[in-house]
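Peer 1: Top to bottom, those sequences are chains A and B. Under numbering that gives the first Met the number 0, the letters of the first sequence match residues 0 to 208, in that order. Under numbering that gives the first Met the number 0, the letters of the second sequence match residues 0 to 208, in that order.
2 protein chains.
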Amino acid sequence: MYRQVQSGGVATAKGAATRRRIVEAAAAEIRERGTLATTLDDVCRRSGTGKSQLFHYFPRGREQLLLAVTELEAGRVFDDQGPYLDGLDSRAAWADWRDTVVRTCRDRGPHCPLGVLIADVGRYGPAAQTVTAQLVRRWQAAIRVGIEATQAAGEADPALDADRTAAAVVTAVQGGVSVLLSTGSADHLEAALDFCLDRLLLADAPERT
Amino acid sequence: MYRQVQSGGVATAKGAATRRRIVEAAAAEIRERGTLATTLDDVCRRSGTGKSQLFHYFPRGREQLLLAVTELEAGRVFDDQGPYLDGLDSRAAWADWRDTVVRTCRDRGPHCPLGVLIADVGRYGPAAQTVTAQLVRRWQAAIRVGIEATQAAGEADPALDADRTAAAVVTAVQGGVSVLLSTGSADHLEAALDFCLDRLLLADAPERT
């Protein structure tokens with residue numbers, strides 16, 4: 000499981016609760032202010048813990064805490080998108096998923112947590128890159144399954160390589176979020192997703208009844 | 000011109016040279032260590048200037064300096080890509096451009112400067128978002144011109160909206176760079192660009208002679 004990969008020394012239920020409180024506080028700060036502006040002091044203040052407590056659970060400090068937040072936010076994104084991702088087997092389902100992604104990213108605006116974290120956290124080094132690469136793979140695999148199901152249902156181009164197409168879709172979302180973070184506009188996210196779905200889905204597929 | 004948008008108080012040639020030295024030092028630090036890890040102290044040390052000098056040229060500090068670096072790096076990217084962007088009017092030219100983008104991003108690895116900066120700088124607020132939105136628009140416009148030229152040459156699908164397709168291509172590159180920064184791999188950049196070009200270019204176009 001992702002959430003425990005970077006768990007540090009958590010021996011008791013109370014310890015686990017404190018660790019969780021620190022991670023939730025960091026996630027909330029990052030959502031409100033962004034990764035760059037969030038300091039460990041902010042996280043201590045918000046979680047009601049001291050620096051020494053924080054370093055007990057996160058001996059490698061900021062990098063390790065950001066990884067834990069990434070895992071938390073990734074879990075939330077997969078929980079949110081799960082119902083849509085699991086049912087990706089028709090043109091209608093892809094349209095719903097596309098609308099959900101655009102709406103979610105637009106509503107969360109410049110602090111779309113997972114987009115920010117995937118972009119920031121991987122830069123810390125090989126350990127962080129392993130975690131973000133896992134997230135990208137997990138996300139891509141879920142989309143690949145949807146592409147294969149839609150191909151099997153006769154509503155997606157069977158000539159497309161499902162895994163490579165899934166990689167392009169993940170990249171489109173990540174790029175759209177990146178432009179959203181930079182410019183405040185979700186137009187590129189929409190254009191890129193529509194472009195992918197236009198290529199993926201068969202225009203002349205029969206309507207489902 | 001972009002380079003002068005955030006120029007601060009530069010009254011003399013010597014002042015302009017000092018300002019430029021600070022910006023180049025910041026750009027070099029960011030290329031080597033990333034935006035997150037670069038401090039104003041690092042920039043002062045590398046450029047041989049003092050903090051008070053730095054704040055003379057960049058009264059708004061870190062944000063303003065990052066904007067200046069973004070403009071510098073954007074100018075370099077457009078200088079590098081200019082010859083390829085200007086000639087985008089055939090399938091062969093798109094293939095060359097695609098290879099150049101992938102090679103450049105792969106070689107620069109996790110510190111691809113413009114990708115990093117577009118992702119980071121826009122988060123500082125409306126002023127920074129204006130600069131990054133301008134860069135995205137300029138880049139998208141160059142690609143749109145190429146799409147239109149390729150459509151006119153009969154080698155790209157004439158049914159595609161050139162501007163919206165250009166938005167999708169820009170988003171694919173930005174997403175590919177974002178995943179490269181997070182995971183260290185350029186595979187997603189390649190997959191996303193190939194997916195865009197597969198949709199854009201006509202497979203049965205006559206070979207150029």
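Quick reminder that beta carbons are idealized off the backbone N, C-alpha and C, glycines included.
Looking at the structure shown, is Val4(A) part of a helix, part of a strand, or coil, going by DSSP?
Peer 2: Mapped onto the first sequence, residue 4(A) falls at position 5. For Val4(A), the predicted structure reports a pLDDT of 41, less than 50, and the residue's modelled location is therefore unreliable. A value from the coordinates is still provided. Three-state result, Val4(A): coil.
Peer 1: Starting from Gly74(B), trace the alpha helix (DSSP H) in both directions and tell me its first and last residue.
Peer 2: For the purposes of this step, residue 74(B) is taken as the residue at position 75 of the second sequence. 61-85 is the span of the alpha helix (DSSP H), which, as asked, contains Gly74(B).
Peer 1: Identify the residues that DSSP records as bridge partners of Ala155(A): which are they?
Peer 2: As a first step, residue 155(A) must be located in the first sequence, where it is residue number 156. DSSP output for Ala155(A) lists Leu200(A) as bridge partner(s).
Peer 1: Have a look at Ala166(A) and Asp106(B) and give me their C-alpha separation to the nearest angstrom.
Peer 2: The count along the first sequence starts at 1 and reaches residue 166(A) at position 167. The count along the second sequence starts at 1 and reaches residue 106(B) at position 107. Whole-angstrom Cα-Cα distance: 21 Å.
Peer 1: If the cut is a Cβ gap below 9 Å, which residues of chain B does His211(A) touch?
Peer 2: Residue 211(A) is absent from the model: chain A starts at 0 and stops at 208.
Peer 1: Which same chain residues end up closer than 6 Å to Ala25(B) when comparing Cβ atoms and leaving out the 5 residues on each side of it in sequence?
Peer 2: Counting from one through the second sequence, the residue named residue 25(B) turns up at place 26. Cβ within range, chain order: Val42, Leu64, Val68.
Peer 1: Rounded to the nearest angstrom, how far is the Cβ of Ser184(A) from that of Gln173(B), given a contact under 8 Å?
Peer 2: Counted from its first residue, the first sequence places residue 184(A) at position 185. Counted from its first residue, the second sequence places residue 173(B) at position 174. No, Ser184(A) and Gln173(B) are not in contact; Cβ-Cβ is about 13 Å, not under 8 Å.
Peer 1: Helix, strand or coil, according to DSSP, for Leu35(A) in the structure here?
Peer 2: Taking the first sequence and counting its residues from 1, one reaches residue 35(A) at position 36. Three-state DSSP puts Leu35(A) in coil, outside helix and strand.
Peer 1: Would you identify the three-state DSSP class for Gly145(B), choosing helix, strand or coil?
Peer 2: To locate residue 145(B), count along the second sequence from 1; it is residue 146. Gly145(B) falls in the helix class under three-state DSSP.
Peer 1: Quick check on this structure: which residue in Asp162(B), Arg136(B), Phe77(B), Val135(B) has the alpha carbon closest to the alpha carbon of Ala148(B)?
Peer 2: Residue 148(B) sits at position 149 when you count from the first residue of the second sequence. When each option's Cα is compared against that of Ala148(B), the closest is Asp162(B).
Peer 1: Roughly how many angstroms separate the alpha carbons of Val100(B) and Leu201(B), rounded to a whole number?
Peer 2: Numbered from 1 along the second sequence, position 101 holds the residue referred to as residue 100(B). Numbered from 1 along the second sequence, position 202 holds the residue referred to as residue 201(B). Straight-line Cα distance between these residues: approximately 21 Å.
Peer 1: Where Tyr1(A) and Thr129(A) are concerned, what is the direct C-alpha to C-alpha distance, given to the nearest angstrom?
Peer 2: As a first step, residue 1(A) must be located in the first sequence, where it is residue number 2. As a first step, residue 129(A) must be located in the first sequence, where it is residue number 130. Low confidence applies here, because Tyr1(A) scores a pLDDT of 37, under 50, leaving its location unreliable and the question unanswered by this model.
Peer 1: Of the residues Val169(B), Thr131(B), Leu53(B), Lys50(B), which one's Cα is nearest the Cα of Leu84(B)?
Peer 2: Residue numbering aside, residue 84(B) sits at position 85 when the second sequence is read from its first letter. The option with the nearest alpha carbon to Leu84(B) is Val169(B).
Peer 1: Please list, in chain order, all residues of the same chain as Gly49(A) whose beta carbon is under 7 Å from its beta carbon, the five residues on each side excluded.
Peer 2: Here residue 49(A) corresponds to residue number 50 of the first sequence, with the count starting at 1. Once the five neighbours on either side are set aside, the close Cβ partners of Gly49(A) are Cys43.
Peer 1: Please go through the same chain and pick out, in chain order, the residues whose beta-carbon is closer than 8 Å to the beta-carbon of Leu192(B), but skip the five residues on each side of it.
Peer 2: For the purposes of this step, residue 192(B) is taken as the residue at position 193 of the second sequence. Excluding positions up to five away in sequence, the list reads Arg97, Val100, Val101, Val168, Ala171, Val172, Gly175.
Peer 1: With distances taken between CB atoms, is the gap from Arg20(A) to Ser51(A) smaller than 8 Å?
Peer 2: Here residue 20(A) refers to the residue found at position 21 of the first sequence. Here residue 51(A) refers to the residue found at position 52 of the first sequence. Not in contact: Arg20(A) and Ser51(A) (Cβ atoms no closer than 8 Å).
Peer 1: Going along chain A in order, which residues have a C-beta closer than 7 Å to the C-beta of Val42(B)?
Peer 2: Along the second sequence, read from residue 1 onward, the residue named residue 42(B) stands at position 43. By Cβ distance, chain A contributes nothing, its closest Cβ being about 16 Å from Val42(B), past 7 Å.
Peer 1: Skipping 5 residues on each side, what residues in its chain have a beta carbon closer than 6 Å to that of Gln5(A)?
Peer 2: Mapped onto the first sequence, residue 5(A) falls at position 6. A caution first: Gln5(A) carries a pLDDT of 42, below 50, which makes its placement in the model too unreliable to give a value.
Peer 1: Between the Cα of Leu180(A) and those of Leu188(B), Val135(B), Asp40(B), spot the shortest distance and give me the residue it belongs to.
Peer 2: Residue mapping note: residue 180(A) aligns to position 181 of the first sequence, counting from 1. Closest by alpha carbon: Val135(B).
Peer 1: Return helix, strand or coil for Thr99(B), following the three-state DSSP convention.
Peer 2: One-based indexing of the second sequence puts residue 99(B) at position 100. Three-state result, Thr99(B): helix.
Peer 1: Ala36(A) and Thr182(B) - do their beta-carbons sit closer together than 8 Å?
Peer 2: One-based indexing of the second sequence puts residue 182(B) at position 183. One-based indexing of the first sequence puts residue 36(A) at position 37. For Thr182(B) and Ala36(A), no; Cβs fall outside 8 Å.
Peer 1: Taking Arg137(A) as the reference, give the member of His55(A), Arg59(A), Gly74(A) with the closest Cα.
Peer 2: Reading the first sequence from its first residue, position 138 is the one you call residue 137(A). Among His55(A), Arg59(A), Gly74(A), the Cα nearest to that of Arg137(A) belongs to Gly74(A).
Peer 1: Would you kindly report the start and end of the unbroken alpha helix (DSSP H) that includes Asp162(A)?
Peer 2: To locate residue 162(A), count along the first sequence from 1; it is residue 163. Looking at the DSSP string, the run of the alpha helix (DSSP H) that includes Asp162(A) is 161-182.
Peer 1: Going by beta-carbon coordinates alone, are Leu199(A) and Asp156(A) separated by less than 8 Å?
Peer 2: Along the first sequence, one-based indexing puts residue 199(A) at 200. Along the first sequence, one-based indexing puts residue 156(A) at 157. In contact: Leu199(A) and Asp156(A) (Cβ atoms closer than 8 Å).
Peer 1: Please list, in chain order, the chain A residues whose beta carbon lies closer than 7 Å to that of Tyr131(B).
Peer 2: Your numbering for residue 131(B) matches position 132 in the second sequence. Strictly speaking, residue 131(B) in this sequence is Thr, with Tyr absent from that position. Result: Ser181, Thr182.
Peer 1: For Thr34(B), count neighbouring Cβ atoms within 10 angstroms of its own Cβ and tell me buried if that reaches 16, exposed if not.
Peer 2: Here residue 34(B) refers to the residue found at position 35 when the second sequence is read from its first residue. Thr34(B) is buried by the Cβ-count criterion.
Peer 1: Rounded to whole angstroms, what is the Cα-Cα separation between Ala151(B) and Val22(A)?
Peer 2: Against the second sequence, residue 151(B) aligns to sequence position 152. Against the first sequence, residue 22(A) aligns to sequence position 23. The straight-line gap from Cα to Cα measures roughly 55 Å.
Peer 1: Quick one: using the 10 Å Cβ neighbour count with 16 as the cut-off for buried, is Glu72(A) buried or exposed?
Peer 2: For the purposes of this step, residue 72(A) is taken as residue 73 along the first sequence, with counting starting at 1. Its Cβ being crowded by 16 or more others within 10 Å, Glu72(A) is buried.
Peer 1: Between Gln128(A) and chain B, is the shortest Cβ-Cβ distance under 8 Å, so that the two count as touching?
Peer 2: Your numbering for residue 128(A) matches position 129 in the first sequence. True, the Cβ-Cβ gap to chain B drops below 8 Å.
Peer 1: Please name the residues in the segment 16-36 of chain B whose beta-carbon is closer than 9 Å to at least one beta-carbon of chain A, in chain order.
Peer 2: Those residues of the segment 16-36 of chain B that come within reach of chain A (Cβ to Cβ, closer than 9 Å) are Gly33, Thr34, Leu35, Ala36.
Peer 1: Mind checking Asp78(A): buried by the 16 CB within 10 Å criterion, or exposed?
Peer 2: Stepping through the first sequence from its first residue, residue 78(A) is reached at position 79. Per the 10 Å Cβ criterion, exposed.
Peer 1: Specify the secondary structure class of Ala10(B) as computed by DSSP and reduced to three states.
Peer 2: Translated into positions along the second sequence, residue 10(B) becomes position 11. Coil at Ala10(B), not helix or strand.
Peer 1: Going by Cα to Cα distance, which pick from Thr164(A), Cys195(A), Arg61(A) is closest to His187(B)?
Peer 2: Mapped onto the second sequence, residue 187(B) falls at position 188. Answer by Cα proximity: Thr164(A).
Peer 1: When you compare only the Cα positions, how much space is there between Thr231(A) and Cys104(B)?
Peer 2: The structure shown does not extend to residue 231(A), since chain A is modelled only from 0 to 208, so the question has no answer here.
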